[in-house]
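When you line the sequence shown up against UniProt numbering, it's residues 1 to 566, in that order. Positions of the beta carbon are idealized from the N, C-alpha and C atoms, including for glycine.
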Amino acid sequence: MPGRRRADALAAKATLSPTALADSEQLRQWHQRQASQIELDLQQHVLAALQSERDLAQADRVHYATLYDQAPAGYLSLDADGRIVRANQAAAMLLEQRHDDLAGLPLEYFASPAARPRLRRFVANLFASGARAVLELPLAPPPKPGQVPGRAPRRLRIEANLDAVARRGRLILTDLGTVGRRDAARLRAFEVLDNLGEGVLVCDRAQRIVAVNPAFTRLTGYPAEDVLGRSPRFLLRPGAARHYAAAVQALRRGCRWLGEPEGRRRDGSRFVASLSLTSVYDDDGAIDYFIAVFSDISARRQAETALRALSGELDARVVLRTTELAAANQRLLEEVDQHKRTAAQLQRSRAQLSRLAAHQETVREEERQRVARDIHDELGQNLLALRIEMTQLQGRTGPAGGRLRQRVDLALENLDATIRSVRGIMNELRPAVLDLGLSAALEWQVQQFRHRSGIACALELPPEAQVPSLPAPLQMALFRNLQEALVNVRRHAQASAVLVQLAQTTSSLTLSISDDGVGLDPARRADGDGFGLIAMEQRMAALGGRLLIDTPPSGRGCRLTLSFDL
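This is the structure:
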């Protein structure tokens, strides 16, 4: 502060020059003057701060007053006597009074005469309890000069609370419109009720019927004049009293009640009603009316009952059907299990038959080899010895032998034919050409087929070096299958050309026989009449091979493919 800084400067100067103020009285007076100056500076600073705060408060009051005066809602302040202390412009417009003339006027001055006692009680209760309160009353300001008296009064809603410190009642005024508009709205409501499909009845606070709509008469059969002034209990069946008591208790608690009691018409018939009960309150918050809205739902209830019965029957049918399906499913599972066991047994039987067929084929081949060996060892040697003797006999007879020579020559010819026949039988039983390899055996079989059938037959073989050395059973199976296939071609195919192909890869060996005949009838094969094909399939299966029957690329004839994995 300036005074304090000057005092500090003078004090410093006095310390530096003690002779400047030698007199002690002058020094004391000087210090007093400096202290007074400092105190004055402090007071001026505080006053400046207070003035700034007062200016801010004044600005806030002006801003609040502006908001208060310009608010769209009507604001009033009342004293304990009910006189207006302060009001804004909106309140003045609602009360139809100049703003500057409102202060000091009692609020009841603007209420209708019949509502003034209620307004006085309202103000007294507000200042006594201090609780927030709401009131609706008709507003009837005194007519101004030039206005027609007897205008329709307006209704005003007042929301009030108490400022306990200032002991002022603070009121918010809301215009609810003229009574005429409210009556028009009420008339429109009555028109809606008259045209409503649901029955409506209105009871006063003593639970006496005061109004019903036409739908009530249509649903119950009671005209309005027969029910007005009566309690609605007579509309319920005797056992529905509990519904009535529960509804009254709910309405007195301020709740809405919904239910479906059983009603009684004028003719004694009964019906089920969907009922809704509500309460209407007066300005003091007490129940003024009860309103009941109901509709006949008997048809819906019957439909629901029938639906429940149908649902129960359906459930029973579902249970029965489920039981039947469970039993059928169990039988099906048993049948499936039986089929599986049968299939497994059939598979085992087929495997046994396949092994039996393979064993029989092996036994047959061994028997053929034995018979061929016996024929060669005994019959062949005997025939050879006989031919030697016949040849010697032919030489002894000479050309001049006559009829004996002719008979010997004829015997030799018959003996040679017999030897050739025996050799053919031996080859049929066990082809000796197999000892020369598979390629030689196939060539010999193709030549025999050409010779016997006269059908052109071509053989395609891989180079000799590429033909693998195969086990004897495999060579025999290929040879026998080729033999069987060519027999079928000669007997059934009506073919003009046959192609036999032997192909070999690193992993498989394939022998195919193709012809250009009539082909193989699928029905004949499906019937199982082709025992030769069955024998071929068994022979292949026994050695792990496969037999495929299809049509050649030319689209004519038949092709059999025999394949083995190497």
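**Asked** DSSP beta-bridge partners for N161?
**Response** As a working mapping, residue 161 is identified with position 161 in the sequence shown. In the DSSP output, where bridge partners are listed per residue, N161 has R170.
**Request:** Identify, in the order they occur along the chain, each residue of the same chain with its Cβ nearer than 7 Å to the Cβ of A495, setting aside the five sequence neighbours on each side.
**Result:** Position 495 of the sequence shown, counted from the start, is the residue given in the question as residue 495. So the qualifying residues of the chain are I455, V489, D515, D516, G517, G557.
**Prompt:** Cβ atoms of F290 and L275: under 9 Å apart, would you say?
**Reply:** Position 275 of the sequence shown, counted from the start, is the residue given in the question as residue 275. Position 290 of the sequence shown, counted from the start, is the residue given in the question as residue 290. Their beta carbons are not under 9 Å apart, which means L275 does not touch F290 by this criterion.
**Request:** Note down the Cα distance separating L42 from E25, rounded to an integer number of angstroms.
**Result:** The residue you call residue 42 lines up with position 42 of the sequence shown. The residue you call residue 25 lines up with position 25 of the sequence shown. The alpha-carbon atoms of L42 and E25 are separated by roughly 26 Å.
**Message:** Looking at P106: is its Cβ nearer than 9 Å to the Cβ of A90?
**Reply:** As a first step, residue 106 must be located in the sequence shown, where it is residue number 106. As a first step, residue 90 must be located in the sequence shown, where it is residue number 90. No, the pair does not count as a contact, with Cβ atoms beyond the cut-off.
**Request:** Quick one: give me the first and last residue of the alpha helix (DSSP H) that Q89 is part of.
**Result:** For this step, residue 89 is matched to residue 89 along the sequence shown. 89-95 is the span of the alpha helix (DSSP H), which, as asked, contains Q89.
**Message:** I need the boundaries of the alpha helix (DSSP H) containing I375, first residue and last residue.
**Reply:** As a first step, residue 375 is located in the sequence shown; it is residue number 375 there, counting from the start. Counting along the chain, I375 falls outside any alpha helix (DSSP H), and DSSP gives it neither H nor E.
**Message:** Using 9 Å as the threshold, is the C-beta distance between R270 and Y222 below it?
**Reply:** Position 270 of the sequence shown holds residue 270. Position 222 of the sequence shown holds residue 222. Against a cut-off of 9 Å, the Cβ pair of Y222 and R270 comes out as no contact.
**Request:** Return the chain-ordered list of same chain residues with a C-beta closer than 6 Å to the C-beta of A211, the five sequence neighbours on each side being excluded.
**Result:** As a first step, residue 211 must be located in the sequence shown, where it is residue number 211. Once the five neighbours on either side are set aside, the close Cβ partners of A211 are V202.
**Counted within 10 angstroms of its Cβ, other Cβ atoms place Q447 as buried (16 or more) or exposed** = Working through the sequence shown from its first residue, we reach residue 447 at position 447. That one is exposed.
**Request:** Grab the span of the alpha helix (DSSP H) containing G395 for me, first residue to last.
**Result:** If you number the sequence shown from 1, residue 395 lands on position 395. 381-397 is the extent of the alpha helix (DSSP H) around G395.
**Request:** Could you work out which residue in R118, E96, L78, R116 is closest to A103 when comparing CA atoms only?
**Result:** Reading the sequence shown from its first residue, position 103 is the one you call residue 103. Of the candidates R118, E96, L78, R116, the one whose C-alpha sits nearest the C-alpha of A103 is L78.
**Request:** Check each candidate in E39, Q207, D175, R539 and name the one with the smallest Cα separation from L356.
**Result:** What you label residue 356 is simply residue 356 of the sequence shown in a count that begins at 1. Cα-wise, what sits closest to L356 is R539.
**Request:** Quick one: give me the first and last residue of the beta strand (DSSP E) that E262 is part of.
**Result:** The residue you call residue 262 lines up with position 262 of the sequence shown. Counting along the chain, the beta strand (DSSP E) containing E262 begins and ends at 262-264.
**Alpha-carbon to alpha-carbon, R396 and L511** = The residue you call residue 511 lines up with position 511 of the sequence shown. The residue you call residue 396 lines up with position 396 of the sequence shown. So the two alpha carbons sit approximately 54 Å from each other.
**Request:** Going by DSSP, name the residue or residues bridged to residue 567.
**Result:** A question about residue 567 goes unanswered here, because the residues of the chain that appear run from 1 up to 566.
**Asked** The alpha helix (DSSP H) with P473 in it runs from where to where?
**Response** The sequence position of residue 473 within the sequence shown is 473, counting from 1. 472-488 is the extent of the alpha helix (DSSP H) around P473.
**Asked** Across which residues does DSSP place Y68 in a beta bridge pair?
**Response** Here the question's residue 68 lines up with position 68 in the sequence shown. DSSP, once it has assigned bridges, lists no residue as partnering Y68.
**Message:** Counting C-beta neighbours from all protein chains within 10 Å, is the total for P463 16 or more, i.e. buried, or is it exposed?
**Reply:** Numbered from 1 along the sequence shown, position 463 holds the residue referred to as residue 463. Label assigned to P463: exposed.
**Item:** 7 Å Cβ shell around G82 - same chain, five flanking residues per side excluded
**Value:** Looking up residue 82 in the sequence shown gives position 82. Excluding sequence neighbours, G82 sits near P106, L107, E108, R120, V123.
**Prompt:** If you compare alpha carbons, which of R387, L410, M476 is closest to E428?
**Reply:** As a working note, residue 428 is residue 428 in the sequence shown. Per the Cα distances, M476.
**Prompt:** By how many angstroms is the C-alpha of Q394 removed from the C-alpha of R452?
**Reply:** In the sequence shown, counting from the first residue as 1, residue 452 sits at position 452. In the sequence shown, counting from the first residue as 1, residue 394 sits at position 394. R452 and Q394: Cα-Cα distance of roughly 33 Å.
**Request:** Give me whichever residues DSSP pairs with S279 in a beta bridge.
**Result:** Within the sequence shown, the letter at position 279 stands for residue 279. Note: S279 sits in a beta bridge opposite F290.
**Message:** Looking at A535: is its Cβ nearer than 9 Å to the Cβ of E484?
**Reply:** Start at 1 with the first residue of the sequence shown, and residue 535 comes out as number 535. Start at 1 with the first residue of the sequence shown, and residue 484 comes out as number 484. Yes, they are a contact pair.
**Item:** Contact between the stretch 310-319 and the stretch 225-245 (3+ Cβ pairs under 8 Å)
**Value:** no
**Prompt:** Quick one, which of I287, A128, V192, L139 has its alpha-carbon nearest A164's?
**Reply:** Taking the first residue of the sequence shown as 1, we reach residue 164 at position 164. Nearest option by C-alpha distance: A128.
**Prompt:** Between the beta-carbon of L486 and the beta-carbon of S563, is there less than 9 Å?
**Reply:** Taking the first residue of the sequence shown as 1, we reach residue 486 at position 486. Taking the first residue of the sequence shown as 1, we reach residue 563 at position 563. Not in contact: L486 and S563 (Cβ atoms no closer than 9 Å).
**Prompt:** So, is G167 buried or exposed, given that buried needs 16 or more other C-beta atoms within 10 angstroms?
**Reply:** For this step, residue 167 is matched to residue 167 along the sequence shown. Before going further, note that residue 167 is Arg rather than Gly in the sequence given. Counting Cβ neighbours within 10 Å, R167 comes out exposed, since fewer than 16 surround it.
**Prompt:** Per DSSP, R83 is paired with what?
**Reply:** Within the sequence shown, numbered from 1, the residue matching residue 83 stands at position 83. For R83, which the question treats as bridged, DSSP gives the partners P106.
**Item:** Neighbourhood of A292 by C-beta, 6 Å cutoff - its chain only, sequence neighbours within 5 removed
**Value:** By 1-based counting over the sequence shown, the position of residue 292 is 292. For A292, where only same-chain residues beyond five positions count, the Cβ hits under 6 Å are L201, L277.
**Message:** If you measure between the beta carbons of G229 and R208, is that distance less than 9 Å?
**Reply:** Taking the first residue of the sequence shown as position 1, residue 229 is located at position 229. Taking the first residue of the sequence shown as position 1, residue 208 is located at position 208. Yes. Within cutoff.
**Request:** Quickly, what does DSSP pair Y244 with across the bridge? List them, please.
**Result:** Within the sequence shown, numbered from 1, the residue matching residue 244 stands at position 244. Looking at the DSSP assignment, Y244 forms no beta bridge with any residue, so it has no partner.
**Prompt:** Taking the C-alpha atoms as reference points, what is the distance between T217 and C255?
**Reply:** Residue 217 sits at position 217 when you count from the first residue of the sequence shown. Residue 255 sits at position 255 when you count from the first residue of the sequence shown. Distance between the alpha carbons of T217 and C255: 27 Å.
**Asked** Taking the Cβ atom as the reference point for each residue, do Q501 and L459 lie within a distance shorter than 9 Å?
**Response** Looking up residue 501 in the sequence shown gives position 501. Looking up residue 459 in the sequence shown gives position 459. Cβ atoms of Q501 and L459: closer than 9 Å.
**Asked** Under 9 Å between the Cβ atoms of N161 and G197?
**Response** Taking the first residue of the sequence shown as 1, we reach residue 161 at position 161. Taking the first residue of the sequence shown as 1, we reach residue 197 at position 197. Taking 9 Å as the Cβ cut-off, N161 and G197 do not qualify as a contacting pair.
**Spatial distance of I419 from S554 (CA atoms)** = The sequence position of residue 419 within the sequence shown is 419, counting from 1. The sequence position of residue 554 within the sequence shown is 554, counting from 1. Between I419 and S554, the C-alpha separation is close to 44 Å.
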